[in-house]
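This report refers to the structure that appears directly beneath it.
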Amino acid sequence: MSAPIWPGSAYPLGATYDGEGTNFAVYAENADRVELCLFDDQQNETRWRLEEITAFTHHGYIPGVQPGQRYGFRVHGPWAPWDGVVFNPAKLLLDPYSKAIEGEVDWAEAVFAHQFLHPNRISEVDSAPHMPRSVVVDTSFDWGDDTPPGTPLYRSVIYETHVKGISMRHPDVPPELRGTYAGVASEPIIDHLVRLGISAVELMPVHHFVSEHSLIERGLTNYWGYASIGYLAPHAAYSASGGRGQQVVEFKEMVKALHAAGIEVILDVVYNHTCEGNLLGPTLSFRGIDNQTYYRIDPHNRRHYIDYTGTGNSMNVRHPAVLQLIMDSLRYWVSEMHVDGFRFDLASALARELHEVDKLSSFFDLIQQDPVVSQVKLIAEPWDVGDGGYQVGNFPPLWSEWNAKYRDGVRDYWRGTDWSLANFASRFTGSSDLYGFSGRRPHASINFVTAHDGFTLEDLVSYNEKHNSANGEQNRDGESHNRSWNSGEEGPTDDAEILALRRRRKRSILMTLLLSQGVPMLLGGDEIGRTQNGNNNAYCQDSELAWYDWEQADPLLLGFAKRLISIRNDHPVFRRRRWFEGRRVRGAGVRDIGWYNTDGTPMSDKDWNLGYARSLSVFLNGKAIPTPGPRGEQVEDDSFLLLFNAHTEPVTFTVPADLDDYEWEVVLDTSREMTCTDLVGPADAWPVEGWSVVLLQQIGEGTA
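Per the numbering used here, the sequence shown starts with residue 2, numbered consecutively.
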């Protein structure tokens, strides 16, 4: 290449095309020198030394370099793995700021910086023939009149899904679009989400990731994608249109189409670790650019990493350059890709300073003051695998959290566990015991019963034990304590009574989830009865086991889920902005919420402490619901009474005596396949089948 290299700029980091050429900048604090490597279509390599260094950022500008140009870096420096220093210029490295990545890792010994038989010795084999390439992209895009839906979190219904899994087996999605961003944006998928009533999709990782060598050797791949290597690059394999920047355009088109349908996009992001693994892992990017900067080195044995994630490494979020990378990535996805929020995988690992999880850590400070990132939805997975990592309820006020205590409490109640009633009631009303003390509101609780990690809803009621043999780990992987119950027989059955019970329990769990205070998150496919045949850790199952089987969808379950979401969306009493106070409303005799025994009498402390109790009713008063108006206006809704019965046998409920001025309509009964319209008079008795919920709606005015 005859073009000269100019000094360029240290900012922005990465490859930045300006219409005439491209600026390259990479942070490598401890490196001796950095070479930029450009590749032509025949994979011929041209190297340019980045001689300009500003504040440890090596940079240069090359006129004429256009979008689509493939590139990488080679970084020179000392080799001292016993001291955490592993520079090796024989290894081609991806740009940490890649906006697109083309190609796959060809798992050969060459992609490792060390020799297999002698880990302390440097490998001088060139890795370039076995490495993917970073790609220069043109970030321009016609967004037209794209406007984020801006759904308030308290009104949100989140749908967690996998980009590939949702469309791969859909018969109405064109075959060439299945499993891609374009597949998610296709009319059949968007139509399903709109009809279901979803306000936001939470996409499992779309940052470019790499499947681990150990999985490839077993004939498997990393399906879930929690193995990031490119924090600004959409995963290329999900693109139907190409990998030399086309994936960026296709992702934007997906977001634009979802926004046009009123659906927000939340990304599941994995900033806590990378796919480079432990000290014996491959050298693909961060490790070779500056191991000591990007990873947390164990001060007692500098060959090793501190591992809070269970993956072999942890990103060094104490370092300014790593914090900058994370913040630049977040801003990029909001500003350039128009996403609406993030769910942070193993977020506790990002909050560790010296060791302890710290609500005042630099990461939280940066999020709090950032004018872009602080304004989108921020959801934490509030734990990691290190000591003290379980932090449910402890994140700062801007944050919402995956509420694992909600998951466990609801699962325990609907499998008939003793002593579960009081905990169930707390979870149903928004978990104020976890979030009320820190100035947060009910929408701090992201309620879920199932998620990608664990059983699907179908499997939760069909299996007592995990069945993960397909993963090739002798069923040792995955959670063993699932709080599940198979309803009487393990796995598939022809027993009509067991099948009916499973359908009833699924409906009861869905009603609990979608009518609880807080923000419901529905695992994609649960609404159609998706099964993974008892596999509760399908991270490596890029196959029909994990893809949605649309042709076997349960239309009655889908109709029930649609009805529930419609009720939630129509009635603010199920999505209150503030906590229940147990106060009387407008001087009436009934409070904003009431808990009752099956005989209609108010619950006492003694009733709550009956370990065997599994039935109760809850009254939700719609007469005074806080709304977001600037003057604190009040809006009235209908009132509802829910009758919960987790006993095996039917229980007769009496409408509470202090509600005797109300008349009621049976809106939903989970013991029935279809909706119903029975009427219940004041103080009437009403039978509720075992493992069922009945939803009653007030009709008429009443005086309560």
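Just so you know, even glycine gets a beta-carbon here, dropped at the ideal spot from N, CA and C.
How long is the line joining the alpha carbons of L204 and L500, rounded to whole angstroms? Indexing the sequence shown from 1 puts residue 204 at position 203. Indexing the sequence shown from 1 puts residue 500 at position 499. Distance from the CA atom of L204 to the CA atom of L500, rounded to whole angstroms, is 31 Å.
Touch test, the segment 290 to 301 against the segment 233 to 249, Cβ-Cβ under 8 Å, three pairs minimum: No, they do not touch.
By DSSP, does I267 sit in helix, in strand, or in coil? Along the sequence shown, read from residue 1 onward, the residue named residue 267 stands at position 266. DSSP, read as helix, strand or coil, puts I267 in strand.
Leaving out the 5 sequence neighbours to the left and right, which residues in its chain are closer than 8 Å to R170 when beta-carbon positions are compared? Taking the sequence shown and counting its residues from 1, the one referred to as residue 170 is at position 169. Only R179, E545, W548, Y549, D550, W551 and E552 meet the Cβ criterion.
Contact between the segment 78 to 97 and the segment 54 to 61: three or more CB pairs below 8 Å? At 8 Å Cβ cutoff, the stretches do not touch.
Here's a check: name, in chain order, each residue in its chain whose Cβ is nearer than 6 Å to the Cβ of R122, leaving out the five neighbours to either side. Looking up residue 122 in the sequence shown gives position 121. In the same chain as R122, and ignoring 5 residues on each side of it, the C-beta atoms closer than 6 Å to its own belong to Q116, in chain order.
Just mark D311 as buried or exposed, buried being the case when its beta carbon has 16 or more other beta carbons within 10 Å. Your numbering for residue 311 matches position 310 in the sequence shown. Note that residue 311 is Gly in the sequence shown, not Asp. So G311 counts as exposed.
Helix, strand or coil for L611 per DSSP? Taking the first residue of the sequence shown as 1, we reach residue 611 at position 610. Reduced to three states, the DSSP call for L611 is coil.
Between L524 and A452, is the Cβ-Cβ spacing less than 9 Å? Looking up residue 524 in the sequence shown gives position 523. Looking up residue 452 in the sequence shown gives position 451. The answer is yes: Cβ separation under 9 Å.
Would you grab the beta carbon distance between V66 and T23 for me? Rounded to a whole angstrom, and I think it's under 8 Å. Position 65 of the sequence shown, counting from 1, holds the residue named residue 66. Position 22 of the sequence shown, counting from 1, holds the residue named residue 23. Yes, V66 and T23 are in contact; Cβ-Cβ is about 4 Å, under 8 Å.
Where does T275 sit, in a helix, a strand or coil, going by DSSP? Taking the sequence shown and counting its residues from 1, the one referred to as residue 275 is at position 274. The answer is coil: DSSP assigns T275 none of H, G, I, E or B.
Going by CA-CA distance only, name the one from A101, G342 and D434 that's closest to G69. Taking the first residue of the sequence shown as 1, we reach residue 69 at position 68. Per the Cα distances, A101.
Which two residues bound the contiguous alpha helix (DSSP H) that contains F425? Numbered from its first residue, the sequence shown carries residue 425 at position 424. F425 -> alpha helix (DSSP H) spans L422 to F429.
Is the beta carbon of D460 closer than 9 Å to that of Y540? For the purposes of this step, residue 540 is identified with residue 539 of the sequence shown, where counting begins at 1. For the purposes of this step, residue 460 is identified with residue 459 of the sequence shown, where counting begins at 1. Going by beta carbons, Y540 and D460 fall outside the 9 Å limit.
Looking at C-alpha atoms only, which residue of P651, S200, D593 and N646 is the closest neighbour of K624? One-based indexing of the sequence shown puts residue 624 at position 623. Measuring from the Cα of K624, the nearest candidate turns out to be D593.
Within 9 Å, strictly: CB atoms of Y182 and Y272: Working through the sequence shown from its first residue, we reach residue 182 at position 181. Working through the sequence shown from its first residue, we reach residue 272 at position 271. At the C-beta level, Y182 and Y272 stay beyond 9 Å of one another.
Mind checking A497: buried by the 16 CB within 10 Å criterion, or exposed? On the sequence shown, residue 497 is found 496 positions in, with the first residue counted as 1. So A497 counts as exposed.
Taking only the alpha-carbon atoms, compute the straight-line gap between R477 and S485 and give it to the nearest angstrom. Locating residue 477 in the sequence shown gives position 476, where the first residue counts as 1. Locating residue 485 in the sequence shown gives position 484, where the first residue counts as 1. Distance between the alpha carbons of R477 and S485: 18 Å.
Determine which residues share a DSSP beta bridge with N448 and list them. Counting from one through the sequence shown, the residue named residue 448 turns up at place 447. Per DSSP, the beta-bridge partners of N448 are P521.
Does the structure place the segment 323 to 340 close enough to the segment 258 to 274 that three or more beta carbon pairs sit under 8 Å? Yes: at least three Cβ pairs fall under 8 Å.
Give the single residue among V249, S509 and V619 whose Cα lies nearest to the Cα of W144. By one-based count along the sequence shown, residue 144 stands at place 143. Measuring from the Cα of W144, the nearest candidate turns out to be V249.
Alpha carbon of P150 to alpha carbon of L617, nearest angstrom: For this step, residue 150 is matched to residue 149 along the sequence shown. For this step, residue 617 is matched to residue 616 along the sequence shown. One C-alpha to the other measures close to 38 Å.
Cα-Cα separation between D441 and G166, rounded to whole angstroms: Here the question's residue 441 lines up with position 440 in the sequence shown. Here the question's residue 166 lines up with position 165 in the sequence shown. Rather than Asp, the amino acid found at residue 441 in this sequence is Arg. A direct Cα-Cα distance of roughly 34 Å separates R441 from G166.
Nearest-angstrom Cα separation, counted from R344 out to L268: The count along the sequence shown starts at 1 and reaches residue 268 at position 267. The count along the sequence shown starts at 1 and reaches residue 344 at position 343. Taking the straight line from one Cα to the other gives about 6 Å.
F74 vs D33 beta-carbon contact at 9 Å: For the purposes of this step, residue 74 is taken as residue 73 along the sequence shown, with counting starting at 1. For the purposes of this step, residue 33 is taken as residue 32 along the sequence shown, with counting starting at 1. Against a cut-off of 9 Å, the Cβ pair of D33 and F74 comes out as no contact.
Given this structure, state the Cα-to-Cα distance separating P521 from L194, to the nearest angstrom. Here residue 521 refers to the residue found at position 520 of the sequence shown. Here residue 194 refers to the residue found at position 193 of the sequence shown. About 15 Å.
In its own chain, which residues sit with a C-beta less than 7 Å from the C-beta of D419, not counting the 5 before and 5 after it? By one-based count along the sequence shown, residue 419 stands at place 418. Once the five neighbours on either side are set aside, the close Cβ partners of D419 are G612 and Y613.
Under 8 Å, with one C-beta from each stretch per pair, do the segment 184 to 191 and the segment 205 to 213 reach the 3-pair mark? Between the segment 184 to 191 and the segment 205 to 213, the count of Cβ pairs shorter than 8 Å is below three; the stretches do not touch.
Within the chosen definition, does the segment 371 to 383 reach the segment 421 to 432 through at least 3 CB pairs nearer than 8 Å? No: the two stretches stay apart, fewer than three of their Cβ pairs being nearer than 8 Å.
Taking the C-alpha atoms as reference points, what is the distance between G588 and M604? By one-based count along the sequence shown, residue 588 stands at place 587. By one-based count along the sequence shown, residue 604 stands at place 603. For G588, the predicted model reports a pLDDT of 46, less than 50, meaning its position is unreliable; a value from the coordinates is still stated below. Taken atom to atom, the span from the alpha-carbon of G588 to that of M604 is near 21 Å.
From I510 to D606, what does the alpha carbon distance come to, in whole angstroms? On the sequence shown, residue 510 is found 509 positions in, with the first residue counted as 1. On the sequence shown, residue 606 is found 605 positions in, with the first residue counted as 1. Distance between the alpha carbons of I510 and D606: 26 Å.
By Cβ distance, which residues of its chain are closer than 6 Å to N314, with the 5 residues on each side in sequence left out? Walking along the sequence shown from the start, residue 314 turns up at place 313. Result list for N314: H274, Y296 and Y306, in chain order.
Return the CA-CA distance between T599 and T653, expressed in angstroms with no decimal places. Taking the first residue of the sequence shown as position 1, residue 599 is located at position 598. Taking the first residue of the sequence shown as position 1, residue 653 is located at position 652. Note on geometry: alpha-carbon atoms of T599 and T653 lie some 7 Å from one another.
Beta strand (DSSP E) runs wholly inside the segment 350 to 414, at least 3 long, in chain order: Listed in chain order, they are 378 to 381 and 401 to 403.
Beta-carbon proximity list for T513, same chain, < 6 Å, skipping 5 on both sides: The residue given as residue 513 occupies position 512 in the sequence shown. Counting only Cβ-Cβ distances below 6 Å, and skipping sequence neighbours, we find V411.
Is it right to say H571 is buried, meaning 16 or more other beta carbons lie within 10 angstroms of its own, or is it exposed? Residue 571 sits at position 570 when you count from the first residue of the sequence shown. A quick correction: the sequence has Asp, not His, at residue 571. Label assigned to D571: exposed.
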